[in-house]
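Student: Note that this note's numbering has the sequence shown beginning at 255, numbered continuously upward. Yeah, the Cβ is synthetic: ideal placement off N, Cα and C, and Gly gets one too. Just passing along the structure, written as structure tokens.
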Amino acid sequence: MKQKIIDLYHKYGCIFFLAIILMWVKTIISYHIDFNLGVNGWFQQFILFINPLSGIVFLLSLSLFARNVNKGHKILFALCLLNSMLLYTNVLYYREFTDFLTLSTMFQSTSIFAGFGNLIGSTFALMKWYDFIYWLDLLCLFLLLRRRNSFLVLADEKKFFTRPCGRKAMIWSLVFFLVNLGLAEISRPMLLTRTFDRNYIVKYLGISGFTVYDSIQTFQSNTVTLEESDIEKTASYISQHHAAPAE
Numbered sequence: 255m256k257q258k259i260i261d262l263y264h265k266y267g268c269i270f271f272l273a274i275i276l277m278w279v280k281t282i283i284s285y286h287i288d289f290n291l292g293v294n295g296w297f298q299q300f301i302l303f304i305n306p307l308s309g310i311v312f313l314l315s316l317s318l319f320a321r322n323v324n325k326g327h328k329i330l331f332a333l334c335l336l337n338s339m340l341l342y343t344n345v346l347y348y349r350e351f352t353d354f355l356t357l358s359t360m361f362q363s364t365s366i367f368a369g370f371g372n373l374i375g376s377t378f379a380l381m382k383w384y385d386f387i388y389w390l391d392l393l394c395l396f397l398l399l400r401r402r403n404s405f406l407v408l409a410d411e412k413k414f415f416t417r418p419c420g421r422k423a424m425i426w427s428l429v430f431f432l433v434n435l436g437l438a439e440i441s442r443p444m445l446l447t448r449t450f451d452r453n454y455i456v457k458y459l460g461i462s463g464f465t466v467y468d469s470i471q472t473f474q475s476n477t478v479t480l481e482e483s484d485i486e487k488t489a490s491y492i493s494q495h496h497a498a499p500a501e
């Protein structure tokens with residue numbers, strides 16, 4: 255058994271896989287200590303366990319398209335930082351409002367200052383003693399990346415940061431997502447076509463899945479609003495410039 259673990263370490267041990275595992279574990283921990291998702295039964299627990307994987311693999315796979323391993327590692331670290339910020343801001347927001355950050359909340363200035371401004375002002379009050387775990391993986395990655403001659407860093411140079419690897423990682427992320435979505439549909443049919451509480455989306459698709467889902471919903475809603483506005487403007491123009499029929 256010990257030899258098998260050693261063989262797996264030498265075969266798959268690298269910064270890229272380590273980053274995936276660290277971010278995956280961190281997300282799972284956040285589900286259990288900071289979010290109340292209403293998970294019932296082993297099947298939903300299993301879905302909750304796998305749902306962060308597709309988003310993390312897809313996001314970090316972007317670093318594999320870098321021209322060399324040094325740039326790739328910098329991009330990898332930046333993507334890990336971005337994902338950690340998304341997770342932690344959702345944690346803080348959930349502690350204050352028992353809800354998840356939507357695209358409109360993040361980007362509309364009126365919503366930010368009216369609703370999210372209180373959160374910014376009381377950030378320290380919302381923090382808890384164990385919040386260091388949300389940044390511990392970044393510290394580990396930073397220290398490892400500084401050791402250019404370490405086994406994990408050298409393994410990346412031999413195995414990864416080529417376009418074929420990037421494409422393979424993206425394909426695997428799609429496979430993970432389809433498996434995740436299939437299991438979610440078994441537990442909650444028509445998950446993406448019916449209106450559900452945001453807790454349901456996060457419970458079945460994860461934080462990153464919810465963010466993508468909310469972005470699509472926001473875009474579609476804005477498109478419909480824009481079309482209705484255009485119709486109203488057209489109708490108003492016609493009524494104002496309507497000429498009476500000649501007698």
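1. Please say whether LEU276 and ASP391 have beta carbons closer to each other than 7 Å?
2. Would you tell me roughly how many angstroms separate the C-alpha atoms of PHE431 and LEU357, rounded to the nearest one?
3. Closest to MET424 by CA distance: which of VAL279, LEU314, LEU272 and PHE289 is it?
4. CB LEU380 to CB LEU355, shorter than 7 Å?
5. DSSP three-state label for LEU432, please.
6. The alpha helix (DSSP H) spanning ARG401 covers which residue range?
7. Could you round the C-beta distance between LEU398 and LEU408 to whole angstroms and report it? I think they count as a contact, below 8 Å.
8. By how many angstroms is the C-alpha of TYR467 removed from the C-alpha of ARG442?
9. At the level of alpha carbons, what is the spacing between THR359 and TYR458?
10. Between the C-alpha atoms of ALA273 and CYS334, what's the straight-line distance to the nearest angstrom?
11. Below 7 Å between beta carbons: does that hold for TYR348 and PHE289?
12. Is DSSP giving GLY292 helix, strand or coil here?
13. Looking at GLY420: is its Cβ nearer than 7 Å to the Cβ of LEU318?
14. Write down the C-beta distance between LEU437 and ILE282 rounded to the nearest angstrom, noting that I regard them as a contact closer than 8 Å.
15. Classify ARG321 as helix, strand or coil using the three-state DSSP reduction.
Tutor: For this structure:
1. Yes, Cβ-Cβ distance for ASP391 and LEU276 is below 7 Å.
2. A straight line joining the alpha-carbon of PHE431 with that of LEU357 spans about 21 Å.
3. Sorting VAL279, LEU314, LEU272 and PHE289 by C-alpha distance to the C-alpha of MET424 places LEU314 at the top.
4. No, the pair does not count as a contact, with Cβ atoms beyond the cut-off.
5. In the structure shown, LEU432 adopts helical secondary structure according to DSSP, grouped into three states.
6. No alpha helix (DSSP H) contains ARG401, which DSSP labels as neither H nor E.
7. Not confirmed; about 11 Å, so no contact.
8. Each residue's alpha carbon lies about 16 Å from the other.
9. If you draw a straight line from the Cα of THR359 to the Cα of TYR458, it is about 22 Å long.
10. For ALA273 and CYS334, the distance between alpha carbons rounds to 8 Å.
11. A contact, by the Cβ cut-off of 7 Å.
12. Residue state for GLY292 is assigned as coil, using DSSP reduced to three classes.
13. When the beta-carbon positions are compared, GLY420 and LEU318 come within less than 7 Å of each other.
14. The C-beta distance from LEU437 to ILE282 rounds to 16 Å, too long to fall under 8 Å, and the pair is not in contact.
15. Three-state result, ARG321: coil.
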